[in-house]
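J.: Residue numbers (the working numbering): 190 to 540.
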């Protein structure tokens with residue numbers, strides 16, 4: 190009987206939060222529909238396009254037509270003849286990847302102007318050099334056989350889906366929990382809750398549980414949609430994946446409470462949320478691997494709350510890892526959850 194009485198406020202508060210969410214069509218769209226549009230758009234954008242076309246500007250001189258003929262014979266190149274000022278301007282603005290000029294000499298001589306800090310520009314230089322050298326008579330000593338790799342699990346869309354799952358958990362937890370608590374504080378609802386015999390832990394737990402109830406259908410819909418449309422699968426156990434999703438949702442719900450525990454205005458909580466989420470948007474590996482960053486910043490990136498979650502999700506979905514393999518990341522996620530919720534519970538205020 191005593192246990193039932195203790196659970197009663199938590200259950201009612203959780204149900205109240207669920208009803209409030211279901212009465213907001215905008216919230217339903219952003220939680221359930223928008224992630225599907227994101228998967229569709231990014232999946233189409235990066236589907237069956239492993240290498241972008243190279244854009245080359247050939248200086249309009251006496252040998253331009255011969256150079257253009259060689260480049261245009263390769264489907265990777267989109268080349269056009271331009272005068273030097275125009276070509277330099279387009280290269281500077283990123284509208285072309287490479288500028289090619291020829292120099293009169295006994296043997297064909299080509300001058301490549303490219304940006305060494307842009308991977309696409311460097312690749313365009315190497316590809317153009319290979320084509321022009323072959324056209325000039327170079328013969329390769331070894332035979333080359335090209336084979337394309339397009340298996341499920343190794344495509345960009347397979348890498349992207351775990352990132353979008355983690356991004357959804359982060360956004361849902363931070364905004365769905367933290368923003369909601371500040372909104373109730375602004376509307377003076379928290380002062381009314383304070384006058385009831387309800388425990389503070391029940392109120393905070395209801396915010397987290399109500400968010401968790403909507404997280405599982407959200408992630409399930411995302412996984413099923415990407416599987417149906419792009420053939421994205423899960424090489425590991427779905428039970429392990431579900432456990433990670435629950436851990437991730439709890440982690441970011443706790444962080445959302447922590448960020449919003451003292452905020453008094455919408456502007457304040459929005460600034461705090463963006464300050465916390467922006468480093469994870471950029472540095473946790475949602476859209477590309479964190480290995481692209483310098484080694485000096487790698488320890489800081491690995492310490493971000495979203496990084497271990499994405500690493501664990503990708504290990505399970507792409508590599509078929511079991512719970513033992515992702516235990517270190519799960520432990521770090523659990524630590525973030527416990528610490529953030531404990532601090533939020535300690536320092537949360539009703540007014």
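Quick reminder that beta carbons are idealized off the backbone N, C-alpha and C, glycines included.
1. Between residue 351 and residue 502, how many whole angstroms is the CB-CB distance? I'm expecting something under 8 Å.
2. Tell me which residue opens and which closes the alpha helix (DSSP H) that residue 269 is part of.
3. Can you tell me whether residue 404 is buried or exposed? The criterion is at least 16 other CB atoms within 10 Å of its CB, across all chains shown.
4. Would you report the Cα separation of residue 397 and residue 506, rounded to the nearest angstrom?
5. Can you tell me which of the three DSSP states residue 292 falls into?
6. Would you report the Cα separation of residue 459 and residue 444, rounded to the nearest angstrom?
7. Using only the alpha-carbon positions, how far apart do residue 229 and residue 251 sit?
8. Pair every Cβ in the segment 423-438 with every Cβ in the segment 508-519, then say whether three or more of these pairs are closer than 8 Å.
9. Within 10 angstroms of the Cβ of residue 420, are there 16 or more other Cβ atoms? Answer buried if so, exposed if not.
10. Hey, is the segment 257-272 in contact with the segment 299-307, meaning 3+ C-beta pairs nearer than 8 Å?
11. Using three-state DSSP, classify residue 300 as helix, strand or coil.
12. On the DSSP letters alone, give me the boundaries of the alpha helix (DSSP H) that residue 323 sits inside.
13. Is the segment 433-444 touching the segment 477-484 in the sense that three or more CB pairs, one from each, lie closer than 8 Å?
14. Hey, residue 400 and residue 361 are a contact pair by Cβ (cut 8 Å); roughly how many whole angstroms apart?
15. Helix, strand or coil: which one does DSSP assign to residue 328?
16. Taking DSSP as the reference, what is the three-state secondary structure of residue 243?
17. When we look at the beta-carbon of residue 412 and count the other beta-carbons within 10 Å, is it buried (16 or more) or exposed?
18. Quick one, are the C-beta atoms of residue 355 and residue 499 less than 7 Å apart?
19. In whole angstroms, give me the CA-to-CA distance for residue 381 and residue 535.
20. Here's the rule: buried if 16 or more other CB atoms are within 10 angstroms of the residue's CB, otherwise exposed. What is residue 266?
T.: This is what the structure gives:
1. One-based indexing of the chain shown puts residue 351 at position 162. One-based indexing of the chain shown puts residue 502 at position 313. Residue 351 to residue 502, Cβ: 4 Å. Contact.
2. By one-based count along the chain shown, residue 269 stands at place 80. Taken as a continuous stretch (DSSP letters only), residue 269 belongs to no alpha helix (DSSP H), being part of the beta strand (DSSP E) at 266-271.
3. Position 215 of the chain shown, counting from 1, holds the residue named residue 404. Looking at its Cβ environment, which holds 16 or more other Cβ atoms inside 10 Å, residue 404 is buried.
4. As a first step, residue 397 is located in the chain shown; it is residue number 208 there, counting from the start. As a first step, residue 506 is located in the chain shown; it is residue number 317 there, counting from the start. The straight-line gap from Cα to Cα measures roughly 26 Å.
5. In the chain shown, residue 292 corresponds to position 103, counting from 1. Correct three-state label for residue 292: strand.
6. In the chain shown, residue 459 corresponds to position 270, counting from 1. In the chain shown, residue 444 corresponds to position 255, counting from 1. So the two alpha carbons sit approximately 14 Å from each other.
7. Mapped onto the chain shown, residue 229 falls at position 40. Mapped onto the chain shown, residue 251 falls at position 62. Distance between the alpha carbons of residue 229 and residue 251 is about 47 Å.
8. yes
9. Taking the chain shown and counting its residues from 1, one reaches residue 420 at position 231. That one is exposed.
10. no
11. The sequence position of residue 300 within the chain shown is 111, counting from 1. Note: residue 300 maps to strand in three-state DSSP.
12. Along the chain shown, one-based indexing puts residue 323 at 134. Unbroken alpha helix (DSSP H) run through residue 323: 308-324.
13. no
14. Position 211 of the chain shown holds residue 400. Position 172 of the chain shown holds residue 361. Going by Cβ atoms, the distance from residue 400 to residue 361 rounds to 6 Å, so yes, they are a contact pair.
15. On the chain shown, residue 328 is found 139 positions in, with the first residue counted as 1. Coil, per DSSP.
16. Translated into positions along the chain shown, residue 243 becomes position 54. In this structure, residue 243 counts as strand in the three-state DSSP scheme.
17. For this step, residue 412 is matched to residue 223 along the chain shown. So residue 412 ends up on the buried side.
18. Within the chain shown, numbered from 1, the residue matching residue 355 stands at position 166. Within the chain shown, numbered from 1, the residue matching residue 499 stands at position 310. For residue 355 and residue 499, yes; Cβs fall inside 7 Å.
19. Counting from one through the chain shown, the residue named residue 381 turns up at place 192. Counting from one through the chain shown, the residue named residue 535 turns up at place 346. Spanning the two alpha carbons is a distance of roughly 20 Å.
20. Taking the first residue of the chain shown as 1, we reach residue 266 at position 77. Classification of residue 266: buried, given that the 10 Å Cβ count is 16 or more.
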